[in-house]
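Notes for the one structure printed next.
In my numbering, the protein residues as written are 1 to 189.
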């Protein structure tokens with residue numbers, strides 16, 4: 001009987017020490033698993049919640065698709081300003097520069113350096129909301145692939161294409177154009 005026990009123990013020892021790997025498999029690439037006890041608390045796992053997407057929604061809501069009607073473009077501010085005054089006189093459409101002027105030394109349309117809003121003082125601020133007024137704006141504000149210094153004589157910004165098309169017809173025979181632009185309308189501070 002002692003012999004049987006010795007054989008059984010020897011078989012168990014041999015069985016416990018042998019590794020069952022398939023030939024040609026690198027055992028160093030085999031992932032080791034951690035077996036958790038039955039009493040493991042599952043409170044450590046990630047719980048899916050409704051993510052707060054309000055910031056993403058705010059960013060999306062900060063842009064609007066508007067139609068910008070442009071009577072002319074060019075690099076010479078004074079030439080376009082004269083055309084703006086002529087258009088104002090001919091059509092009766094008002095002019096709104098939003099307190100901006102052309103600084104010849106800086107070659108920049110900008111707000112005065114002593115403007116009430118310290119953050120915007122001395123900066124160019126584009127027209128961002130629908131309006132039926134004339135202004136001189138940097139075209140790049142509305143059309144990304146434009147020259148940085150290209151100035152546009154804007155005759156209005158409209159919420160829908162039909163309104164922009166009507167404004168274009170009113171400008172005949174001037175060869176004006178309308179462009180659809182994604183305009184930032186969120187906070188600029």
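Glycine residues also receive a C-beta, built at the ideal position from the N, C-alpha and C atoms. It should be emphasised that the depicted structure is a prediction, and the values quoted were computed from it without experimental measurement.
- Within a 10 Å sphere around the beta-carbon of residue 109 sit 16 or more other beta-carbons, which makes this residue buried.
- DSSP lists 65 as the beta-bridge partner residues of residue 182.
- One Cα belongs to residue 94, the other to residue 86, and the distance between them is close to 11 Å.
- Annotated as distal: residue 63 and residue 179, with beta-carbon spacing of 8 Å or more.
- According to DSSP, residue 152 shares a beta bridge with 73 and 137.
- Relative to residue 175, the option among 183, 154, 161 and 115 whose CA is nearest is 154.
- For residue 140 and residue 121, the gap between their C-alpha atoms comes out near 20 Å.
- Looking at 2, 187, 9 and 4, the one whose alpha-carbon comes closest to that of residue 119 is 187.
- If you draw a 10 Å sphere on the C-beta of residue 156, you find 16 or more other C-beta atoms in it, and that means buried.
- Each of 182, 66 and 134 was checked against the Cα of residue 98, and the nearest Cα belongs to 134.
- Nearest C-alpha to residue 127 among 169, 183 and 65: 183.
- CA-CA distance, residue 69 to residue 112, rounds to 26 Å.
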